[in-house]
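First comes the structure, then the notes that go with it.
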Amino acid sequence: MPVEPVSAAAAPVFKLFIGGEWVASRSGRTFESLNPADRRDVVGHFQAGTAGDTAMAIGAAQAAFPAWRNTPAPRRGEILYAFGALMGQHKERLAQAMTREMGKVIAEARGDVQEGIDIAYLMAGEGRRMFGDTTPSELPDKWAMSIRQPLGVAGIITPWNFPMAIPCWKMMPALVTGNTVVFKPASDTPHCATLLVELMQQAGFPAGTVNLVTGSGAEVGDTIVDSPDVPVISFTGSSVTGKGIAAKGGQRLKRLSLELGGKNAVAVMRDADLDLAVDGILWSAFGTTGQRCTACSRVVVDRPVADALVAKLKARAEKMRLGYGLDATTDVGPLINGAAVAKVAEYVEIGKGEARLVCGGSIAADGDLANGSFFEPTIFSNVAPMARIAQEEIFGPVLSVIPVDGYDEVVKAVNGTRYGLSSSIFTENVNTAFRAMRDFETGIVYVNAGTIGAETHLPFGGWKETGNGHREAGHVAIDTFTEWKAVYIDFSGRLQRAQIDNQPG
Ligand code: NDP
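Residue 371 in this note's numbering sits at position 363 of the sequence shown, and the numbers go up by one each step.
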């Protein structure tokens, strides 16, 4: 390993951020965050926040809300710009900390930080847009318009796989529109969250506008979801947890933006550039060790090119180097933790009974990998579209190749899952490309590229069980965090009655 492990005794202690102060949890308890590439390396001790700590954070956010909502939106945007600039200045430090805590290789960690910067700048600009409509009134001497207003305290509950980008994707639109925030990060990546919030404090977000509570989903997350004082929740994570939040938050009629699982497919047609397809598939399947909601976990291939494609994928996948993400020679980093390794290993066993194992298939624990959570890049071929490994989210470096006959069967297989986040098609035929853009039932479609690589100024989100219809990123991201208000101003000096005074009879 390129870095000496830090022992538990030597690792620093981090705090909660509530009402502009760094404070210890009332629980008096902490939990450790470990480096998944080397579990002897302790990143830090983090506060095990309680329901009481969470209530305090919600209270601080509520107290900060009136002044923040009345701060001119362009001024709020300036603070977002300052935060984006600070992230830029600290990009390398943030990226290295992310690789250490979460495992993704350093180039991808830099990309994760960059997504945070991009969304900060995009949303800062919303401070000078946040457009509503003006429209003619049906009555004379009357003005009609619609404006956006914030909801109040936004609950931000995030996963570990994009530990800086996803919190920024959620907090930037929440804050620029005038909401205040209680942020509960994944327990696997509390350090990344702490580093972000330190920079938010430095950027000038007023005390109480941003509050950080580390601790378990069952206690901190659940308290946020159940609180009558948090009208909007933005969540990314597993479908199981998302459905629980939908049920509980739904009881309180909350605004819920849920970004859940994926089972994303790359389609490869018989006229595709196969080498380009292989590049796109490997990057999408094994980038972030397959732990992206947009990761490619299925390849739906037109049968005449199936064998050639599998041979090329195998040759390249077998050469991928596993290792610590800070090591420049590493292609694939570790999984997030031991439970993830066990889950992947279980699915590989299921796969062996369903399809043909082409390469990989084992936990990797030789030499430097012995203390980490590593699994070999794994490919199955001859997978049936409805096989479990082709249907269930594995969230690891496991790829299923599904051979089918012709375009109609490709569409059927691509769409034949309960998820609908990202899809892609490799074809040299422009007509086929346009048909796929029309026919694939996913929130994101790529042509001649893999399933990953969303840009922050386009809407991000999925169809079907991937979510509940909301979108992150793009200008539509502010829909989650704003209420519409229709405003009518009558300057006629008399009572005018809509639908009555200007209609016959
Ligand atoms: P979870 O959905 O359990 O966790 C996501 C976030 O929700 C974390 O901050 C977690 O906190 C929190 N949480 C957990 N339980 C509750 C609750 N009852 N109420 C409120 N918040 C809660 O995902 P995992 O990290 O456990 O990952 C498991 C699987 O989920 C993965 O293998 C993958 O399949 C999927 N996943 C999908 C992601 C995506 O991008 N779509 C991202 C991450 C995971 P805590 O960390 O403290 O448990």
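Here a beta-carbon is modelled for each residue, glycine too, at the ideal position from N, C-alpha and C. Remember, it's a predicted structure, so these values are computed and weren't measured experimentally.
With which residues is residue i paired in a DSSP beta bridge?
{"i": "Glu40", "result": "His53"}
{"i": "Cys304", "result": "Asn272"}
{"i": "Ala162", "result": "Val189 and Val240"}
{"i": "Phe73", "result": "Phe73 pairs with nothing; no bridge assigned."}
{"i": "Ala372", "result": "Phe382"}
{"i": "Ser154", "result": "Ala494"}
{"i": "Ser408", "result": "Arg306 and Phe388"}
{"i": "Val21", "result": "His53"}
{"i": "Leu365", "result": "Phe388"}
{"i": "Met34", "result": "It should be pointed out that residue 34 corresponds to Arg in this sequence rather than to Met. DSSP output for Arg34 lists no bridge partner at all."}
{"i": "Asp509", "result": "For Asp509, which the question treats as bridged, DSSP gives no partner whatsoever."}
{"i": "Thr142", "result": "Met153"}
So does residue i have its beta carbon nearer than 7 angstroms to some heavy atom of the ligand NDP?
{"i": "Asn169", "result": "yes"}
{"i": "Ile410", "result": "no"}
{"i": "Leu147", "result": "no"}
{"i": "Ala194", "result": "yes"}
{"i": "Asp120", "result": "no"}
{"i": "Gly204", "result": "A small fix is needed here, since residue 204 is Leu in this sequence, not Gly. Because no heavy atom of the ligand NDP lies under 7 angstroms away, the Cβ of Leu204 does not count as near it: no."}
{"i": "Ser224", "result": "yes"}
{"i": "Phe403", "result": "yes"}
{"i": "Ala348", "result": "yes"}
{"i": "Val233", "result": "yes"}
{"i": "Lys351", "result": "yes"}
{"i": "Ser41", "result": "no"}
{"i": "Val381", "result": "Per the sequence presented here, residue 381 reads as Ser, with Val not at that position. Not so, every heavy atom of the ligand NDP lies at least 7 angstroms from the Cβ."}
{"i": "Thr464", "result": "no"}
{"i": "Ile253", "result": "yes"}
{"i": "Asp230", "result": "yes"}
{"i": "Cys301", "result": "yes"}
{"i": "Ser246", "result": "yes"}
{"i": "Glu267", "result": "yes"}
{"i": "Ile397", "result": "no"}
{"i": "Thr38", "result": "no"}
{"i": "Ile165", "result": "yes"}
{"i": "Thr143", "result": "no"}
{"i": "Thr249", "result": "yes"}
Check each candidate in the options and name the one with the smallest Cα separation from residue i.
{"i": "Lys271", "options": "Gly67, Ile452, Ala481 and Ala16", "result": "Ile452"}
{"i": "Asp230", "options": "Leu220, Phe294 and Thr249", "result": "Thr249"}
{"i": "Asn439", "options": "Asp279, Thr58 and Ile253", "result": "Asp279"}
{"i": "Pro239", "options": "Asn219, Gly163, Ala336 and Gly212", "result": "Gly163"}
{"i": "Thr386", "options": "Gly359, Gly375 and Val51", "result": "Gly359"}
{"i": "Gly346", "options": "Ala373, Pro144 and Thr185", "result": "Ala373"}
{"i": "Leu130", "options": "Gln97, Ala90 and Ser33", "result": "Ala90"}
{"i": "Thr185", "options": "Phe139, Ser432 and Ala105", "result": "Phe139"}
{"i": "Pro214", "options": "Gly245, Glu362 and Ala75", "result": "Ala75"}
{"i": "Gly477", "options": "Ala16, Val366 and Leu264", "result": "Leu264"}
{"i": "Lys327", "options": "Ile26, Gly52, Glu384 and Phe403", "result": "Glu384"}
{"i": "Gly361", "options": "Gln210, Ile460 and Ala398", "result": "Ala398"}
{"i": "Ala441", "options": "Leu429, Thr450 and Asn456", "result": "Asn456"}
{"i": "Gly424", "options": "Val307, Trp177 and Val221", "result": "Val307"}
{"i": "Val391", "options": "Val221, Val366 and Pro80", "result": "Val366"}
{"i": "Gly36", "options": "Gly223, Pro44, Thr337 and Asp120", "result": "Gly223"}
{"i": "Pro193", "options": "Leu429, Ser242, Arg479 and Thr107", "result": "Ser242"}
{"i": "Arg77", "options": "Thr188, Pro167, Glu227 and Leu334", "result": "Thr188"}
{"i": "Leu334", "options": "Cys304, His53 and Ala117", "result": "Ala117"}
{"i": "Phe388", "options": "Glu357, Gln70 and Ala378", "result": "Glu357"}
{"i": "Gly375", "options": "Ala45, Val31 and Val484", "result": "Ala45"}
{"i": "Val50", "options": "Ala105, Ala68 and Gln504", "result": "Ala105"}
{"i": "Phe434", "options": "Leu284, Val221, Leu220 and Gly85", "result": "Leu284"}
TODO: Taking 8 angstroms as the threshold, find out whether the region 475 to 495 comes into contact with the region 167 to 181 through three or more Cβ pairs.
DONE: yes
TODO: With a floor of 4 residues, list each alpha helix (DSSP H) that falls wholly inside the region 417 to 505, ordered by position along the chain.
DONE: Here the runs fully enclosed are 438 to 447 and 485 to 488.
Open item on the list: For the pair the region 14 to 22 and the region 349 to 369, tell me if three or more CB-CB distances fall below 8 angstroms.
Closed with: no
- [ ] Tell me, please, whether the region 289 to 300 touches the region 108 to 120 by the rule of three or more beta-carbon pairs shorter than 8 angstroms.
- [x] yes
TODO: Check whether the region 96 to 105 touches the region 59 to 68, counting contact only when three or more Cβ pairs, one atom from each stretch, lie closer than 8 angstroms.
DONE: no
Open item on the list: Measuring CB atoms only, is the region 168 to 176 touching the region 118 to 136, in the sense that at least three cross pairs come out at less than 8 angstroms?
Closed with: yes
Task: 3 or more residues per run - each beta strand (DSSP E) lying fully within the region 210 to 238 - done: Complete beta strand (DSSP E) runs here, min 3: 218 to 220.
Open item on the list: Pairs of beta-carbons, one from the region 301 to 316 and one from the region 402 to 414, closer than 8 angstroms: are there three or more?
Closed with: In the pairwise beta carbon analysis, the region 301 to 316 is classified as touching the region 402 to 414: at least three pairs are separated by under 8 angstroms.
Task: Inter-stretch contact (C-beta, 8 angstroms, three-pair minimum) for the region 146 to 157 and the region 497 to 508 - done: Yes: the two stretches touch, three or more of their Cβ pairs being nearer than 8 angstroms.
Task: alpha helix (DSSP H) runs wholly inside the region 284 to 332, at least 4 long, in chain order - done: Qualifying alpha helix (DSSP H) stretches, in chain order: 314 to 325.
Open item on the list: Pairs of beta-carbons, one from the region 207 to 226 and one from the region 20 to 40, closer than 8 angstroms: are there three or more?
Closed with: The region 207 to 226 vs the region 20 to 40: in contact.
- [ ] For the region 51 to 130, list the alpha helix (DSSP H) runs that are entirely contained and at least 4 residues long, ordered along the chain.
- [x] Look at the region 51 to 130 and you find these whole runs of alpha helix (DSSP H), each 4 residues long or longer: 59 to 77, 81 to 97 and 99 to 110.
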